[in-house]
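Chemist:
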């Protein structure tokens, strides 16, 4: 489940398992704990609006319309499966989120401008005190 409105069925997901790289002791060469989870967004059962939004927002991560997430953090394939599923859901949730509202331009208040200038004057005075005194 990605959101309440968007649920990807298990049939839309493709799993691949391989050996994770790096140190790991005895089990590293025998256990296929690295997990790749892929979903073809072009053919996934989604509403057209959601599909277009995902395809445009995730363009940099897609390869021929397929989004792939990798998890090899853990020694356990089960935990890596869960991590990959959670990462995929988070990516899709973030891409489906609405745009933030436009920023309304504001100007600093008169008091804020006064405080800023006063702070600059104080800092200038401190720096003036650090200077070498002029000889008279």
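Residue numbers (our numbering): 5 to 140.
The beta carbon of each residue, even a glycine, is placed where N, CA and C say it ideally should be.
List, from N- to C-terminal side, the beta strand (DSSP E) runs of 3 residues or more that fit wholly inside the stretch 65-125.
Modeler: If we require 3 residues or more, the beta strand (DSSP E) runs fully inside the stretch 65-125 come out as 70-75.
Chemist: First and last residue of the beta strand (DSSP E) that includes residue 20?
Modeler: To locate residue 20, count along the chain shown from 1; it is residue 16. Segment 17-22, the beta strand (DSSP E) holding residue 20.
Chemist: Out of 12, 75 and 80, state which residue places its alpha-carbon closest to the alpha-carbon of residue 91.
Modeler: Taking the chain shown and counting its residues from 1, one reaches residue 91 at position 87. Nearest C-alpha to residue 91: 75.
Chemist: When you compare each of 42, 53 and 131 to residue 14 by their alpha carbons, which one comes out closest?
Modeler: Taking the first residue of the chain shown as 1, we reach residue 14 at position 10. Of the candidates 42, 53 and 131, the one whose C-alpha sits nearest the C-alpha of residue 14 is 42.
Chemist: What span of residues does the beta strand (DSSP E) with residue 38 cover, start to end?
Modeler: Residue numbering aside, residue 38 sits at position 34 when the chain shown is read from its first letter. Residues 38-44.
Chemist: Would DSSP call residue 58 helix, strand or coil?
Modeler: Here residue 58 refers to the residue found at position 54 when the chain shown is read from its first residue. DSSP places residue 58 in helix when its eight states are reduced to three.
Chemist: Quick one, are the C-beta atoms of residue 84 and residue 22 less than 7 Å apart?
Modeler: As a first step, residue 84 is located in the chain shown; it is residue number 80 there, counting from the start. As a first step, residue 22 is located in the chain shown; it is residue number 18 there, counting from the start. No, these two residues do not count as a Cβ contact at 7 Å.
Chemist: Using the Cβ count rule (16 or more neighbours within 10 Å means buried), how would you classify residue 129?
Modeler: To locate residue 129, count along the chain shown from 1; it is residue 125. Residue 129 comes out exposed.
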